[in-house]
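Heads up, the thing below is written out as structure tokens.
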Amino acid sequence: MIKKAVITAAGLGTRLLPYTKEIPKEMLPIFCKTPRGVFLKPAIQLIFEQLYDSGVREFCFI
């Protein structure tokens, strides 16, 4: 089973302008549906949670 993951978060996010002018692309909010309702979460948090739920325990953010 995969235990380590490299999550790329580098770059300026110029393809997402004007949204990334004020906030980094990895922190852009994404709608997340849960049994308690719909929430906005940063993109990097959703990626982290999905990897963690899959069994990954070591992370390297670049």
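Residue numbers for the sequence shown follow the working numbering, beginning at 9 and rising by one. Just so it is clear, CB atoms sit at the ideal spot from N, CA and C, and this is done for glycine as well.
Residue span of the alpha helix (DSSP H) that contains residue i, given as start and end
i: leucine 54; result: 51 to 61
Anticipated Cβ contact below 8 Å, residue i with residue j, distance rounded
i: cysteine 24; j: lysine 33; result: Going by the sequence as given, residue 24 is leucine instead of cysteine. Correct: roughly 5 Å between the Cβ atoms.
i: leucine 54; j: isoleucine 38; result: 6 Å
Separation of residue j from residue i, as counted between CA atoms
i: leucine 36; j: leucine 20; result: 13 Å
i: isoleucine 52; j: glycine 63; result: 17 Å
i: tyrosine 27; j: methionine 9; result: 37 Å
i: leucine 48; j: threonine 16; result: 21 Å
i: phenylalanine 69; j: lysine 41; result: 25 Å
Secondary structure of residue i, DSSP reduced to three states
i: lysine 11; result: coil
i: threonine 16; result: coil
Extent of the continuous beta strand (DSSP E) run through residue i
i: glutamate 66; result: 66 to 69
i: arginine 41; result: According to the sequence as given, residue 41 is lysine; it is not arginine. Where lysine 41 is concerned, the enclosing beta strand (DSSP E) stretches over 37 to 42.
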